[in-house]
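Just so you know, full-length UniProt numbering puts the end of the sequence shown at 283, numbered straight through with nothing missing.
We treat Cβ as the ideally placed atom computed from N, Cα and C, and that holds for glycine.
Being a predicted model, the structure only gives us computed values, none of them experimental.
Only one structure is covered here, and it is reproduced in the block below.
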Amino acid sequence: MHTLPIYTIKEFKTKTSEFYVNDLSEHLHTHHFIHKPHKHDFYICVLFTKGRGRHEIDFKSYEVEPGSVFFLKPGSMHHWTFEEKAEGYIFFHSKSFYDLNYQNRQLHDFPFYFSLYNPPVIYLTPEDVKQTLPLLELLRKEENEDSYTAIKRASLIDLIYINFARLYSHQQGKQESKASYLLKLQAFEALVNQNYQLEKSPNFYAEKLNVSIKHLNRIVKDTLNITASQFIADRIILEAKKLLIHADYRVVEVADTLGYDDASYFIRFFKKHTGLTPNKFAG
């Protein structure tokens, strides 16, 4: 049995464990281990200025092309393959790196980090890329390690994220849900991520959020157009797929890890939501 590697910033030989930036071509050349499926415990943003290929994130495949920008949250599983040499910029940082500098704003306020249901990619026009590159070039060149370095880096990242958030909202469609609904959805998703292995009933989460099950379903339906039960099921299925493909777990082990005492019930659950048995999915 092997487990999917979870990389930290320290493994990229950077001066700090909180932040990393590099030219994409150099990054890919010096870190061959990232071409295989893996997870990480930090946030990633990568802009492609050249190159084509595919980027698979949590079992969904996205096209890589000049102008594509990808955003990955901690825990996301991904890998990429290229048909042409890729160029651009990549940076990543810890949650605390951003939080320490922006106490009144959080990373999940940006739409691309808001929810696992929000697509982790936007595609920029050549003009959008042209306007973005100066900020990324400044970020890349900020190599001083004095007391102002972290502040400047965080400021540049914030500007980059703000620009990308505007483009993202325009491209993906502006979120029209009530602000109170969005806050509750964030809290619901956080609770599901913490408890899905033990708690699979929407009633548990409604109680934790101090809302009725009817209101919780209304919130999830309004923001994501699914039910609370489907949201929980999707999170369980995603983790099951990761375990089946990249951890070499037997079906009974996956069922046990995800809190199912009855493996046969888990098999029916998996097939209901994917159309395949776990063994068929794993190949």
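Query: By the DSSP assignment, the alpha helix (DSSP H) with Ser-229 in it spans what residues?; Result: 228–246
Query: Taking all protein chains shown into account, do 16 or more other C-beta atoms lie within 10 angstroms of the C-beta of Pro-126, making it buried, or fewer, making it exposed?; Result: exposed
Query: Following the continuous beta strand (DSSP E) through Tyr-89, name the residue where it begins and the one where it ends.; Result: 87–93
Query: Out of Ser-25, Gln-172, Arg-166 and Lys-208, which one is the CA nearest neighbour of Leu-185?; Result: Lys-208
Query: Verify whether the separation of the beta carbon atoms of Asp-222 and Tyr-181 is less than 7 Å.; Result: yes
Query: Would you grab the beta carbon distance between Thr-277 and Phe-270 for me? Rounded to a whole angstrom, and I think it's under 8 Å.; Result: 7 Å
Query: On the criterion of 16 or more Cβ atoms from any shown chain inside 10 Å, does Glu-63 qualify as buried, or is it exposed?; Result: exposed
Query: State yes or no: is the C-beta of Tyr-98 within less than 7 Å of the C-beta of Leu-24?; Result: no
Query: At what residues does the alpha helix (DSSP H) containing Glu-26 begin and finish?; Result: 24–30
Query: Taking Val-192 and Ile-232 to be in contact with their CB atoms under 8 Å, please state how far apart those CB atoms are, rounded to whole angstroms.; Result: 6 Å
Query: Give me the Cα-Cα distance between residue 350 and Pro-74, rounded to the nearest whole angstrom.; Result: Residue coverage of the chain in this structure runs from 1 to 283, which leaves residue 350 outside it and unanswerable.
Query: Please confirm whether Leu-244 has its beta-carbon closer than 7 Å to some beta-carbon of chain D.; Result: The chain inventory of the structure shown lacks chain D, comprising one protein chain alone.
Query: In the DSSP assignment, find the beta strand (DSSP E) that holds Lys-60 and state where it starts and stops.; Result: 60–64
Query: Would you mind sorting Lys-200 into buried or exposed? The rule is 16 or more other CB atoms within 10 Å of its CB.; Result: buried
Query: Determine contact between the region 248–256 and the region 210–221, defined as no fewer than three beta-carbon pairs at a distance below 8 Å.; Result: no
Query: Could you compute how far the alpha carbon of Ala-228 sits from the alpha carbon of Pro-202?; Result: 6 Å
Query: Which two residues bound the contiguous beta strand (DSSP E) that contains Tyr-161?; Result: Not the beta strand (DSSP E): Tyr-161 falls in the alpha helix (DSSP H), residues 149–172.
Query: Please work out which residues of its chain come closer than 6 Å, Cβ to Cβ, to Gly-10, disregarding the five sequence neighbours upstream and downstream, and give them in chain order.; Result: The question names Gly, but residue 10 in the sequence shown is Lys. So the qualifying residues of the chain are Ser-17.
Query: Do the region 117–124 and the region 235–246 touch if we need at least three Cβ pairs shorter than 8 Å?; Result: no
Query: Over what stretch of residues does the alpha helix (DSSP H) that includes Arg-140 continue unbroken?; Result: 126–141
Query: Which residues in the same chain have their Cβ closer than 8 Å to the Cβ of Phe-19, if we skip the five residues on either side of it in sequence?; Result: Ile-9, Phe-91, Phe-92, His-93, Ser-94, Phe-97, Ala-150 and Arg-153
Query: Are the CB atoms of Leu-133 and Val-21 within a distance shorter than 7 Å?; Result: no
Query: Name the DSSP beta bridge partners of Ser-68, please?; Result: Tyr-123
Query: Buried or exposed, going by whether 16 or more other CB atoms sit within 10 Å of the CB of Phe-33?; Result: exposed
Query: What first and last residue would you give for the alpha helix (DSSP H) that runs through Tyr-249?; Result: Element bounds for Tyr-249: n/a, residue is neither H nor E.
Query: With Thr-223 as the anchor, note down where its alpha helix (DSSP H) starts and where it stops.; Result: 213–224
Query: Grab me the residues of Ala-187's own chain with a C-beta within less than 8 Å of its C-beta, minus the 5 sequence neighbours each way, in chain order.; Result: Leu-209
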